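Note that this note's numbering has the sequence shown beginning at 2, numbered continuously upward. Ideal Cβ positions, reconstructed from N, Cα and C, are used throughout, including at glycine. From a predicted model like this one, the values you see are computed outputs, not experimental measurements. Structure record follows, encoded as structure tokens.
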Amino acid sequence: MQDFNYVWYGCMEVTLELSCCKYPPSSELPKLWEENRLSLVKFLAEAHRGVHGFVMDEHGNPIEKASLKVKGRDVGFQTTKYGEFWRILLPGVYKLEIYGDGYIPKEMDFMVVEQHPTLLNVTMHTSKDKIVQTDVSILPSSAVTEPTIGNTTMDSKVHFPDT
């Protein structure tokens, strides 16, 4: 189940066994706890290592299910319904790729340090904010009374009528 949850849902799952016996006597539980308490707490604190933040649109609204991927890693992950994300990473320099339906893709460089988690908030801009280019129609000179020019997006095609 551990590999499945990590690959398909991005969840890290761990099983810790503190005794050689599957079911130690209840009288031994306080001793097992005291012997392992500090290590267990430090292990839990590792969940805060890495990067976390929010993916929002230009109006400050969360973007649910935005796709994120640390460049050079195989497994991607998504934001929650509140636009939040997190990834456990060792200290180092990374590049985060962010994609959202209807938004311009983005890449951001960030650094993870040993002392505390890195906060990385991302603002995405809608696709309609792409650079606008001019659409020019070419007509035979006899048909031209004034130039035909309009605004269009990068994906529009230029129409060349037959002469």
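Inset, instruction - Could you work out which residue in Ser-68, Leu-91, Lys-72 and Gly-73 is closest to Gly-188 when comparing CA atoms only? - result: There is no way to answer for residue 188, as the model of the chain reaches only from 2 to 164.
Inset, instruction - Rank Trp-9, Val-15, Val-94 and Gln-79 by C-alpha distance to the C-alpha of Met-109 and give the top, closest one. - result: By 1-based counting over the sequence shown, the position of residue 109 is 108. Minimum Cα distance to Met-109 is reached at Val-94.
Inset, instruction - Report all residues from its chain with a CB closer than 8 Å to the CB of Tyr-104; omit the five preceding and five following residues, and keep chain order. - result: Start at 1 with the first residue of the sequence shown, and residue 104 comes out as number 103. Take Tyr-104, set aside five residues on each side of it, and the residues of its chain with a beta-carbon closer than 8 Å to its own are Asp-58, Ile-64, Ala-67, Met-125, His-126, Thr-127 and Ser-128, in chain order.
Inset, instruction - Can you grab the Cα-Cα spacing for the pair His-49 / His-117, in whole Å? - result: What you label residue 49 is simply residue 48 of the sequence shown in a count that begins at 1. What you label residue 117 is simply residue 116 of the sequence shown in a count that begins at 1. Between His-49 and His-117, the C-alpha separation is close to 8 Å.
Legend entry - Gln-3 in three-state terms, based on DSSP: For this step, residue 3 is matched to residue 2 along the sequence shown. Looking at Gln-3 - three-state DSSP - the assignment turns out to be helix.
Inset, instruction - Give the DSSP bridge partners of Glu-108, in chain order. - result: Position 107 of the sequence shown holds residue 108. DSSP lists Glu-98 as partners of Glu-108.
Inset, instruction - Could you check the C-alpha separation between Pro-26 and Leu-17 for me, to the nearest Å? - result: For this step, residue 26 is matched to residue 25 along the sequence shown. For this step, residue 17 is matched to residue 16 along the sequence shown. Using only the alpha carbons, I get a separation of about 17 Å.
Inset, instruction - Take the Cβ of Leu-121 as the centre, count every other Cβ of all protein chains shown within 10 Å, and call the residue buried at 16 or more, exposed below. - result: As a position in the sequence shown, residue 121 is number 120, starting the count at 1. So Leu-121 ends up on the buried side.
Inset, instruction - Report the option in Asp-4, Tyr-100 and Met-13 whose CA atom is closest to the CA atom of Val-56. - result: As a first step, residue 56 must be located in the sequence shown, where it is residue number 55. Comparing Cα-Cα distances from Val-56 to each of Asp-4, Tyr-100 and Met-13, the minimum goes to Tyr-100.
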